[in-house]
Amino acid sequence: MNTFSYSAGRRPGQGARAYARIGLETQVGSASPQRLITLLFDGALAAVAKARHQLAAHDIAGRGQSVSKAVDIVQNGLMNSLNLDAGGELAANLHDLYDYIIRQLLLGNLQADDDALQRAATLLGQIADAWRSGVDTPASGSHALTP
């Protein structure tokens, strides 16, 4: 059985609290840990898309808020949900990718750099797609990803 690097059991209830705290609207009380991670990806991608639109519209304050929201989701939702002990190399690589994504988001905001925001969005989208396909794909009679 494969072990994945996200762990709701590592910090009980942390995923739901992080999700609620960052202002994404949904009922998280009954959502599975896998669904919470999917919702975090959706929220981060939406925030980056909004920041890119605000960049094009020269809405500096709005862009800053959207980038801050995306950073919060990646850092306090996705990054903090990683179980570095159980996840091994995969979790460490994801941690590094999330760190890079955060740096690209901050660079994109500070330098009004749409390419940096696009790089962050592309990586988040690729990780989210891999997550979704892994959650929906059984391995050895059980889920390939164990939260």
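Just so you know, we're using the UniProt record's numbering here: the sequence shown kicks off at 1 and counts up by one.
Yeah, the Cβ is synthetic: ideal placement off N, Cα and C, and Gly gets one too.
For residue 132, is the beta carbon positioned less than 6 Å from some heavy atom of the ligand FAD?
Questions concerning the ligand FAD fall outside what the structure shown contains, since it holds no ligand whatsoever.
List in chain order: all unbroken alpha helix (DSSP H) runs of 4+ residues lying wholly within the stretch 39–114.
List check, alpha helix (DSSP H) in window: 60–72, 84–110.
Buried or exposed: where does residue 98 fall if 16 or more other Cβ atoms within 10 Å of its Cβ makes it buried?
Classification of residue 98: buried, given that the 10 Å Cβ count is 16 or more.
Count the C-beta pairs between the stretch 81–88 and the stretch 49–66 that are closer than 8 Å, then say yes if the count reaches three, no if not.
Flag = no, the stretch 81–88 and the stretch 49–66 do not touch.
Residue 102 and residue 74 look like a contact to me (Cβ under 8 Å); what is the Cβ gap, rounded to whole Å?
That pair is a contact at about 6 Å.
Residue 133 by DSSP, collapsed to three states: which one?
Residue 133 falls in the helix class under three-state DSSP.
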